[in-house]
Amino acid sequence: MAEEAILGYLENNEGIADSGNFAAEFGLNHDEIVNVVKSLNGYGLVVAQDLKKERWVLTDEGKLYAVTGSPELQLFLAIPLEGISLDELQKKVDPSVFKIGFAQAMKNRWLERGKLVARKVQHVDDNVKELLLRIQAGEIVGQEDIDALKRRKLIVPQTWKGYSVRKGPNYAPKRKKAGTDLTRENLQRGDWKDLELKEYNFNAKGLPPEGGHLHPLLKVRQQFKMIFLQMGFEEMPTNNFVESSFWNFDALFQPQQHPARDSHDTF
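29 is the number that the UniProt record's numbering gives to position 29 of the sequence shown; each next residue is one higher, with no gaps.
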């Protein structure tokens, strides 16, 4: 679906300026568009250029306020016209709403505090919720408002990645599937003349060979060697002379006819 949409669009247009806008216009998933563009670019059907955009997205707290309203508005609406004591107000609203909302409402001069906490104004606008909804919809918001929301950790920056796309040297309205093997049947039928074979990528890296591992006995020998060296023993230069079998076998109480005395089995 995405591939047909891209190739079909390029057939009648010079290019796609923004893959994100293209996906939104045709109701397609942008991740699917990105995968198809990468594949088509690899076959030379299109030429893709990277696009990067910084945008703001709502945090979990910001998403909550976009639905329920800002804490300062929730607190303001919880205060009756005749006023309410601070203790009663704390019991009436959620602790997190009271902590943030009371400070912000006082900062906005919505409230006055005496023996009772009362409304200083009768009507307020929830600018925070409005700004959050605008950002969620992808609208442009002033830098001053962005800074204010960022300080309250209601929004965070996010890097958006997409592509601009134009026709490639091998462009065709429909991708022709390339063959991977030349079979006997192709030769017998003669269709090998028109068969498009997939190009080999000689620069592709293969799986690294698994080699160079220590033999299990050599690994154990190294472990024992390190234990003795750490205990203070010194390694003898046994590679410089031939040791008597007395020390290697008899001193270890090994039987005379033991198979381990064979030169091939001596470790």
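Quick reminder that beta carbons are idealized off the backbone N, C-alpha and C, glycines included.
Limits of the unbroken beta strand (DSSP E) element including residue i
| i | result |
| --- | --- |
| Trp56 | Val46 to Leu58 |
| Gly162 | Ile155 to Lys167 |
| Glu112 | Leu111 to Arg113 |
| Arg119 | Val117 to Arg119 |
Close beta carbons around residue i, own chain, < 7 Å, minus the five adjacent residues each side
| i | result |
| --- | --- |
| Asn108 | Glu72 |
| Gln136 | Leu58 and Ala66 |
| Asn186 | Trp192 and Leu195 |
| Gly69 | Asp126 and Lys129 |
| Gly138 | none |
Continuous alpha helix (DSSP H) stretch holding residue i: start and end
| i | result |
| --- | --- |
| Ala105 | Pro95 to Lys107 |
| Val37 | His30 to Gly42 |
| Asp145 | Gln143 to Arg151 |
| Tyr171 | Per DSSP, Tyr171 belongs to no alpha helix (DSSP H) and is neither H nor E. |
| Ala251 | Segment: none, Ala251 is in no alpha helix (DSSP H) and carries neither H nor E. |
| Pro224 | For clarity, residue 224 is Phe in the given sequence; the question names Pro instead. Unbroken alpha helix (DSSP H) run through Phe224: Pro216 to Gln230. |
| Ala78 | Pro71 to Ala78 |
| Leu187 | Arg184 to Arg189 |
6 Å CB neighbourhood of residue i in its chain, flanking five on each side removed
| i | result |
| --- | --- |
| Val32 | Per the sequence presented here, residue 32 reads as Glu, with Val not at that position. Excluding positions up to five away in sequence, the list reads Ala2. |
| Met167 | Here residue 167 turns out to be Lys, not Met, going by the sequence shown. These residues qualify, in order along the chain: Leu10. |
| Lys150 | none |
| Glu210 | none |
| Leu86 | Val117 |
| Glu112 | Ala118 and Lys120 |
| Ser19 | Ile33, Gly162 and Tyr163 |
Proximity to residue i [Cα-Cα], best of the options
| i | options | result |
| --- | --- | --- |
| Glu88 | Lys115, Thr68, Gly69 and Val67 | Lys115 |
| Thr183 | Asp125, Asp250, His30 and Leu197 | Leu197 |
| Pro157 | Lys52, Ser19, Val37 and Asp18 | Lys52 |
| Gly83 | Glu54, Pro95, Gln90 and Arg119 | Arg119 |
| Ala148 | Pro216, Trp56, Val117 and Asn201 | Trp56 |
| Asp50 | Ile16, Lys176, Gln257 and Met226 | Ile16 |
| Asp181 | Pro169, Val47, Glu199 and Leu229 | Glu199 |
| Glu14 | His30, Lys38, Val46 and Val242 | Val46 |
| Leu154 | Lys63, Glu144, Val37 and Pro216 | Lys63 |
| Glu61 | Phe202, Leu28, Ser245 and Val97 | Val97 |
| Glu54 | Lys205, Ile146 and Pro237 | Ile146 |
Cβ-based neighbour list, residue i, same chain, cut-off 8 Å, excluding 5 preceding and 5 following
| i | result |
| --- | --- |
| Val93 | Gln74, Leu75, Ala78 and Gly101 |
| Pro173 | Leu7, Gly8 and Glu11 |
| residue 273 | Outside the shown range of the chain (1 to 267) lies residue 273, about which nothing can therefore be said. |
| Gln175 | It is worth fixing the name first, because residue 175 is Arg in this sequence and not Gln. Cβ neighbours of Arg175 beyond the five flanking positions: Glu3, Leu7, Leu40, Tyr43 and Leu45. |
| Val37 | Ile6, Ser19, Val46, Ala48, Tyr163 and Val165 |
Identity of the residues DSSP links to residue i by a beta bridge
| i | result |
| --- | --- |
| Gly179 | Leu197 |
| Gly83 | Looking at the DSSP assignment, Gly83 forms no beta bridge with any residue, so it has no partner. |
| Ile135 | Bridge partners of Ile135: none, in fact. |
| Ile16 | Val165 |
Given 8 Å, three or more beta-carbon pairs between the stretch 122-140 and the stretch 42-50
Judged by pairs of C-beta atoms under 8 Å, the stretch 122-140 does not touch the stretch 42-50, as fewer than three such pairs exist.
Indicate whether the contact test is met: 3 or more Cβ pairs, each with one atom in the stretch 159-171 and one in the stretch 13-26, closer than 8 Å.
yes
Inspect the CB distances between the stretch 93-113 and the stretch 72-85 and report whether three or more fall short of 8 Å.
yes
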